[in-house]
Amino acid sequence: MLSRSGRRFNGVPARRNAPGRNRTCDLALRRRTLYPLSYRRVGLSVPLVKLTHRTVTLALREPFSISRSTDETVDSVFIEIEHDGLAGYGEASPQEHYGESVESASAFLSEAGALLGDDPFALDELEGRLGSVPGEHAAKAAVDMALHDLCGKVAGVPVWRLLGLRREGPPTSWTIWLGDPDDMARRTERIGSRFRRLKLKLGAGDGLDVERVRAVRGVTELPLQVDVNEAWELDEALENVEALSGLGVQYVEQPLQAGHPEGHRLKAASPLPIYVDEDVHGLKDVSAAAERAHGVNLKLAKSGGIREAVRMAYAAKALDLGVMLGCMVESSVGIAAAAQIASLCDHVDLDGNLLLGEDPWAGVDFVDGVQVPSDQPGLGVHEALSRTR
Ligand SMILES: [Mg+2]
């Protein structure tokens, strides 16, 4: 075997003058440039990529209500992928609504470590291996985040730069969770000037959703977005979108149940853009979304990570769909990962970390209403709170 210096190795002579050597060297150089870690496989032992994970319960600042649930805490799984002295971080925010839990995510992550091999840059290959296990998109997203973090650290550049993107994005919306119209208006008044967009959760099933928007509109001039979380029937949706069109609403998110057979009728009749969220998980869902919506809401916990979300963003643009980037209630790890691709999106809803009572991580800059990714290598996140608290 030939050593990196070209000397004899393991008793095999170096073949400096062998035909095709120049081409071989060119390929080796390219491989070294593209895959600096795997390059070192030749004749050397390369450390395996090692994955560890832990489950945490994060308390929200205030109880958070949407059409189908109210939460005071959320459970997340933080992961760390170590390789060659560097660590990459990721976060899984599994959603019960999609049949995932911290238990199922943890079970997946316990097995995933063995599939990672020794080259964190081999993202396509790793995605193929992890994809052989069905579901568990939140856990897969955590692995994808951590690998991007690690690759950025190896390369010495932030992930947005690694992807050739920009360190910018639209202002994030701030969520006004579901309550009585007056309560939602009072909470809106308390926000002050921190945010430049508001997202109102609707879908209480009490016939007051338009009234909620009217009450909030009465106390703010900010652009409003509404998210119904699948709670309207078709007739109700057709009526409500008409009423909302005069209230400065930018778009209506997921008014109908995912997969609703009449979604195309609402799209055709609506004076406001319809965005879908629960309807769209991965790349394969984007073309169907074009039949029922004007835009799609991408979330890493649904897509399985940054790579698939980027593919979805470009697919949506090719279909002339608007692109929104959303999140779960999650820490700055998950938000930082999403913020890396915010410059690809028309609308951003990345307030998940700001909803927490205490965010155990830091690394996203909230500047003039925008969640700006760090200029540090990788995701640029670090632990902000001691684990012993
Ligand atoms: Mg939504």
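Residue numbering for the sequence shown follows the numbering used here, beginning at 11 and increasing consecutively. The C-beta atom is built at its ideal place from N, Cα and C for all residues, glycine as well. Computed from a prediction, not measured in an experiment: that's the story for all the values here.
Secondary structure at ALA394, three-state DSSP: helix, strand or coil? It is coil, neither helix nor strand.
Is the closest heavy atom of ligand 2 to the C-beta of GLU263 under 7 angstroms? In terms of ligand content, the structure shown lacks ligand 2 and carries ligand 1 instead.
Short check: CB of GLY314 to CB of ASP85, under 8 angstroms? Taking C-beta atoms as the reference points, GLY314 and ASP85 fail to come closer than 8 angstroms.
Suppose you measure from the CA of GLY440 to the CA of GLU249; what does that come to, to the nearest Å? In the structure as shown, the chain starts at 11 and stops at 399, and residue 440 therefore has no counterpart that could be examined.
Between the Cα of ASP193 and the Cα atoms of GLY179, ARG206, ARG224 and LEU366, which residue gives the shortest distance? It is ARG224.
If we count Cβ pairs, one from each stretch, closer than 8 angstroms, do we get three or more for the stretch 97 to 113 versus the stretch 203 to 223? Note that the stretch 97 to 113 does not touch the stretch 203 to 223; fewer than 3 beta-carbon pairs, one per stretch, sit closer than 8 angstroms.
Would you say the beta carbon of ASP219 is closer than 7 angstroms to some non-hydrogen atom of ligand 1? No, since every heavy atom of ligand 1 falls outside the 7 angstroms radius drawn around the Cβ of ASP219.
Beta-carbon separation of LEU208 and LEU234 under 8 angstroms? Yes, Cβ-Cβ distance for LEU208 and LEU234 is below 8 angstroms.
Using the Cβ count rule (16 or more neighbours within 10 Å means buried), how would you classify HIS392? By the neighbour-count rule (16 or more Cβ atoms within 10 Å), HIS392 is not buried but exposed.
List the DSSP bridge partners of PRO191. In the DSSP output, where bridge partners are listed per residue, PRO191 has none listed.
Roughly how many angstroms lie between the CA atoms of TYR99 and GLU243, to the nearest whole one? In this structure, the straight-line span from the alpha carbon of TYR99 to that of GLU243 is close to 41 angstroms.
Could you tell me the alpha carbon to alpha carbon distance between SER77 and ILE351, rounded to whole angstroms? Their Cα atoms are separated by approximately 28 angstroms.
Roughly how many angstroms separate the alpha carbons of ALA349 and VAL382, rounded to a whole number? Between the alpha carbons of ALA349 and VAL382 lies a gap of roughly 6 angstroms.
Complete alpha helix (DSSP H) runs within the stretch 279 to 358 (minimum length 4 residues, chain order): Listed in chain order, the complete alpha helix (DSSP H) runs (minimum 4 residues) inside the stretch 279 to 358 are 296 to 302, 310 to 313, 316 to 328 and 342 to 349.
Distance check for THR83 and LEU68, CA to CA, integer angstroms please. Taking the straight line from one Cα to the other gives about 5 angstroms.
Run of the beta strand (DSSP E) containing HIS63, from where it starts to where it stops: Its beta strand (DSSP E) spans residues 60 to 76.
Is DSSP giving HIS107 helix, strand or coil here? It is helical.
Using a Cβ-based criterion (distance less than 7 angstroms to any ligand heavy atom), does ASN307 qualify as near ligand 1? Taking 7 angstroms as the cut-off, one finds at least one heavy atom of ligand 1 near enough to the beta carbon of ASN307.
Could I get the ranges of all uninterrupted alpha helix (DSSP H) runs contained in the stretch 84 to 170, with 4 residues as the minimum, in chain order? List check, alpha helix (DSSP H) in window: 112 to 122, 133 to 141 and 147 to 165.
By DSSP's criteria, SER372 is part of a beta bridge. Which residues make up the other side? Looking at the sequence shown, residue 372 is not Ser but Ala. In the DSSP output, where bridge partners are listed per residue, ALA372 has HIS392.
Whole angstroms are fine: how far does the CA of HIS93 sit from the CA of HIS63? As the crow flies, the alpha-carbon of HIS63 is around 15 angstroms from that of HIS93.
Which residues does DSSP list as the beta-bridge partners of GLU263? As computed with DSSP, GLU263 is found in a beta bridge with ASP237 and TYR285.
If you run the structure through DSSP and keep just helix, strand and coil, what is ARG196? If DSSP states are grouped into helix, strand and coil, ARG196 belongs with the helices.
Should ASN239 be listed as close to ligand 1, given that the test is whether its C-beta is under 7 angstroms from any heavy atom? Flag set: Cβ of ASN239 near ligand 1.
Ligand 1 heavy atoms versus the CB of GLY336: any closer than 7 angstroms? Distances from the CB of GLY336 to the heavy atoms of ligand 1 include at least one below 7 angstroms.
Residue range of the beta strand (DSSP E) that includes VAL382: First-last of the beta strand (DSSP E) with VAL382: 380 to 383.
Can you give me the Cβ contacts of LYS211 inside the same chain, cut-off strictly under 6 angstroms, excluding the 5 residues immediately before and after it? Correct list, in chain order: ILE76, TRP187, LEU188 and ASP237.
Of the residues ALA326, GLY256, GLN264 and ASP369, which one's Cα is nearest the Cα of GLY228? Nearest to GLY228 by C-alpha distance, out of ALA326, GLY256, GLN264 and ASP369, is GLY256.
Alpha carbon of PRO283 to alpha carbon of MET334, nearest angstrom: Taking the straight line joining both Cα atoms gives about 12 angstroms.
Hey, would you say LYS309 sits closer than 8 angstroms to GLY336, going by beta carbons? In contact: LYS309 and GLY336 (Cβ atoms closer than 8 angstroms).
Please report the distance separating the alpha-carbon of LEU44 from that of GLU318. In this prediction, LEU44 has a pLDDT of 42, which is less than 50 and means its spatial position is unreliable; what the coordinates show is noted afterwards. Those two C-alpha atoms are separated by around 21 angstroms.
What would DSSP say about ASP219, mapped onto helix, strand or coil? Helix at ASP219.
Just grab the DSSP bridge partners of ILE201 for me. Partner(s): none; ILE201 has no beta bridge.
Validate contact between the stretch 353 to 367 and the stretch 178 to 187 using beta carbons, cut 8 angstroms, 3 pairs: Taking 8 angstroms as the limit for Cβ pairs, the verdict is that the stretch 178 to 187 does touch the stretch 353 to 367.
Can you grab the Cα-Cα spacing for the pair ALA124 / PRO144, in whole Å? Each residue's CA atom was taken as its position, placing ALA124 and PRO144 some 16 angstroms apart.
To the nearest angstrom, how far is it from the Cα of PRO191 to the Cα of VAL167? PRO191 and VAL167 have their C-alpha atoms some 46 angstroms from each other.
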